[in-house]
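If you're matching positions, the sequence shown starts at 1 in this note's numbering and goes up one per residue. Beta carbons: idealized from backbone N, C-alpha and C, even for Gly. For reference, the structure discussed in these notes is given below.
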Amino acid sequence: MGGIHGGMEAKWLGWWGSLGSMSQKGVTTYTVAPNRMRPLAGTLHAAFFNTFRRSRNQILYVLPPFIVGYYAMDWATKKNEWLNSKEGRAATGEEE
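If you want it as structure tokens, here you go:
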């Protein structure tokens, strides 16, 4: 029973990128020199304007609930202070 895989002879297929097939033709590869790469080019400019744009688009979803919450809390605080004052206790009929 010589060989591997049921008696068939093993064939070296090659390393990654050339696994026994014909090499491709007409494929052009481009590279950029390490001293020419600018991975952070325009990052601060884009970050500032993208943040402004995204905030502007979300303001109508965020601001109205905050306004309603602020006025509800302000009303509740004033109502609580009035109910716990002499005038409020007298108006509601509670004794001191």
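Roughly how many angstroms separate the alpha carbons of Arg36 and Val62, rounded to a whole number?
If I take the Cα positions, the gap works out to 43 Å.
Among the residues of its own chain, which have a CB less than 6 Å from the CB of Gly26, if the five just before and after it don't count?
Counting only Cβ-Cβ distances below 6 Å, and skipping sequence neighbours, we find nothing.
Starting from Lys79, trace the alpha helix (DSSP H) both ways and give me its first and last residue.
Run containing Lys79: Thr43 to Leu83, per the alpha helix (DSSP H) assignment.
Using the C-alpha atoms, what's the distance from Leu60 back to Leu44?
Each residue's alpha carbon lies about 26 Å from the other.
Taking Thr28 as part of the alpha helix (DSSP H), name the residues at either end of that continuous run.
Note, Thr28: premise wrong, no alpha helix (DSSP H); not H, not E.
Considering just the uninterrupted stretch of the alpha helix (DSSP H) at Glu9, what are its terminal residues?
Where Glu9 is concerned, there is no enclosing alpha helix (DSSP H), given that its DSSP letter is neither H nor E.
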